[in-house]
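Taking the UniProt record's numbering, I'd label the letters of the sequence shown as residues 1 to 68.
Just so it is clear, CB atoms sit at the ideal spot from N, CA and C, and this is done for glycine as well.
Only one structure is covered here, and it is reproduced in the block below.
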Amino acid sequence: MVIEPQAQVIYQGVQQDDFTAANRARVSQSQGDDIQTRLGLHSEWRTAVHVIPTLDLNYYHDPHSTEN
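Below, the structure is given as structure tokens:
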């Protein structure tokens with residue numbers, strides 16, 4: 001059996017100019033940078049019949065997310 005802890009930091013950046021959409025709505029960007037973190041665990045088992053069952057557990061955290 002193998003158990004592998006995992007950690008990841010994800011940076012995403014977007015920049016765009018303000019613009020007016022086809023329906024005349026004004027679109028602007030208030031923030032374009034975001035950092036997410038992920039903590040995880042990967043495990044796998046070796047069996048005698050050449051099948052390798054795996055299990056991955058992950059927890060993602062985004063401090064700017066509005067989802068609950």
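*Give the DSSP-derived three-state secondary structure of R46 in the structure shown.*
Indexing the sequence shown from 1 puts residue 46 at position 46. Three-state result, R46: coil.
*Helix, strand or coil: which one does DSSP assign to H61?*
Translated into positions along the sequence shown, residue 61 becomes position 61. Strand at H61.
*Are the CB atoms of S30 and V2 nearer to each other than 8 angstroms?*
Position 30 of the sequence shown holds residue 30. Position 2 of the sequence shown holds residue 2. In this structure, V2 does not lie closer than 8 angstroms to S30 by Cβ.
*Give me the Cα-Cα distance between A4 and L55, rounded to the nearest whole angstrom.*
The residue given as residue 4 occupies position 4 in the sequence shown. The residue given as residue 55 occupies position 55 in the sequence shown. Residue identity check: residue 4 is Glu in the sequence provided, not Ala. If I take the Cα positions, the gap works out to 11 angstroms.
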